[in-house]
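S.K.: Chains as they are written, first to last, in the numbering used here: chain A, 1 to 268; chain B, 1001 to 1253. All C-beta atoms, glycine included, are put in the ideal place defined by N, C-alpha and C.
1. Taking 7 angstroms as the threshold (beta carbon to beta carbon), is residue 1100 (chain B) in contact with chain A?
2. Short of 7 angstroms in beta carbon distance, which residues of its chain neighbour residue 1216 (chain B), apart from the five on each side in sequence? Order them along the chain.
3. With DSSP collapsed to three states, give me the class of residue 1083 (chain B).
4. Apart from the five residues just before and just after residue 1062 (chain B), which ones in its own chain have a Cβ nearer than 8 angstroms to its Cβ?
5. Residues of chain A with a CB under 8 angstroms from the CB of residue 1054 (chain B): which are they?
6. Where do the ends of the beta strand (DSSP E) carrying residue 1218 (chain B) lie?
7. Between residue 1013 (chain B) and chain A, is any beta-carbon pair separated by less than 7 angstroms?
8. Would you give the residue range spanned by the beta strand (DSSP E) that residue 1014 (chain B) belongs to?
9. Could you tell me which residues DSSP puts in a beta bridge with residue 1069 (chain B)?
10. Within the 7 angstroms Cβ cut-off, does residue 1241 (chain B) reach chain A?
11. Taking DSSP's pairing of strands, which residues face residue 1204 (chain B) in a bridge?
12. Are residue 209 (chain A) and residue 78 (chain A) touching if we call contact CB-CB under 7 angstroms?
13. So, helix, strand or coil for residue 1161 (chain B), using DSSP?
14. For residue 124 (chain A), which option in A:192, A:103, A:211 and A:173 has the closest C-alpha, if you only look at C-alpha atoms?
15. Look at the alpha carbon of residue 176 (chain A) and the alpha carbon of residue 1038 (chain B), and state the distance between them as a whole number of angstroms.
16. Return the CA-CA distance between residue 1112 (chain B) and residue 1183 (chain B), expressed in angstroms with no decimal places.
17. Please list, in chain order, the chain B residues whose beta carbon lies closer than 8 angstroms to that of residue 167 (chain A).
18. If you scan the stretch 134-204 of chain A from start to end, which runs of the alpha helix (DSSP H) of 4 or more residues do you find wholly inside it?
19. Of all the options A:201, A:192, A:261 and A:235, which has the alpha carbon lying nearest to the alpha carbon of residue 92 (chain A)?
20. Can you find a CB in chain B that lies within less than 7 angstroms of the CB of residue 170 (chain A)?
21. Given a cut-off of 7 angstroms on the beta-carbon distance, is the pair residue 1069 (chain B) and residue 1203 (chain B) in contact?
22. Under a three-way DSSP split, which group does residue 1089 (chain B) fall into?
23. Express the C-alpha separation of residue 1159 (chain B) and residue 254 (chain A) in angstroms, rounding to a whole number.
24. Here's the rule I'm using: 16 or more other beta-carbon atoms within 10 Å means buried, otherwise exposed. How should residue 49 (chain A) be labelled?
25. Please state whether DSSP places residue 1031 (chain B) in a helix, a strand or coil.
26. On the criterion of 16 or more Cβ atoms from any shown chain inside 10 Å, does residue 256 (chain A) qualify as buried, or is it exposed?
27. Compare the C-beta of residue 1082 (chain B) against all C-beta atoms of chain A and say whether one is closer than 7 angstroms.
28. So the candidates are A:203, A:191, A:140 and A:205; which of them puts its Cα closest to the Cα of residue 219 (chain A)?
29. Taking 7 angstroms as the CB-CB limit, is residue 1074 (chain B) close to chain A?
30. Here's the rule I'm using: 16 or more other beta-carbon atoms within 10 Å means buried, otherwise exposed. How should residue 18 (chain A) be labelled?
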């Protein structure tokens, strides 16, 4: 399969690369399969107590029971709350970061507050949030927002501040207004920062939503997990955790796809 | 025709450790189509002088006139080229070249045609749809020059515009830029710390003193015929000019 114009060494190099990529994938899948197999065998032989750690087969049967029993509703609730918290966190975070970039005075004033809010465990505010927003979806979304917002602000602001000053001077020599500098230089040169912070935000929003559902306990995967724990149905807990990881992975992939699209669109 | 006149310009600014006078009582004028090189000891405030002429910084004394019109704020008559090409990596070369016009809301079909003509004339038409990272350093600097020229400046300010390039590229780019400026009839002021560069490109060389900078001398450079920068470097008159400027600059040490 030596293509014309491609030297033997080149063909060998390309072949090595393809083989390496394939090997990485094989080992990745192998680890997962091995883990599931060991888990299943250990549970069946009684090496571990499958009442506590469940087993892949028990999770599968729990999953099919739950699908018949309104699982889609709980997944939908968690997905909606996460997306809401995530979009609000990203949107408001971006807007606040832009405002702080705009006004050096405001950003200096905000500095100590941001530092304290950033290190504060927002989950500790849970009870207050529930009393303020009511024990329902609003409180849960609020919790996700509280957890993801400050990190977004800090990340984006640091990115905005690190924008190449040469490019900004260049724009100013053409008479660019501050608004033009922001939209034509600062924002586009921070696309990578933006997507980096979106990826972190998915995880943080999920943390907020699950913590919120633990507290509110009405619906969603977080509720199922807490409920499963209370009635000692570990199959339910494990199934919930696995569904959560699938959801997190899916959202991460969606943001990655969006990033590739933006990179193509803006040539980044 | 007089393109630029600087009258008794001075700049004093406040820093944490005191008041600093960058330059004082600078007066000179530049004719249309002329190329003025500005040399001075490092840190003498020559780049600051360019920022003031461009209107990026207000002078604290004196005044600056472009085509008889007093400069207040960033002047649309002036184009500015920095040390680095500052091409925006997410835009194609053509889109980078149109950036200045876009900022000024001046993307008229005429202006775009003019920009395309510049790309064509100076050999970048084939690269118009490429991204900056796909171009060599010299090509990038040429694209940055065309971006500046596309906004039709009357005066071009070059702030150490070639010092980020390696030596060989730099010689080629200075020739390139000199040719483009002469054929477009652009008036230019170039700040540099490189004495040979100042002689090889300038019609006159302005020598500044250490800070607070004032004008030591404005030296006319005459090789008897219009020569390209590279040809000037090998001309017998080049050495004496170098010695003269070198001695003037050494007085400050």
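M.R.: Looking at the atomic coordinates:
1. yes
2. 1207, 1208, 1209 and 1248
3. coil
4. 1006, 1007, 1008, 1009, 1010, 1025, 1026 and 1027
5. 173
6. 1215-1220
7. no
8. 1002-1015
9. B:1066
10. no
11. B:1036 and B:1220
12. yes
13. coil
14. A:211
15. 27 angstroms
16. 20 angstroms
17. 1086 and 1088
18. 137-161 and 165-173
19. A:201
20. yes
21. no
22. coil
23. 45 angstroms
24. exposed
25. strand
26. exposed
27. yes
28. A:140
29. yes
30. exposed
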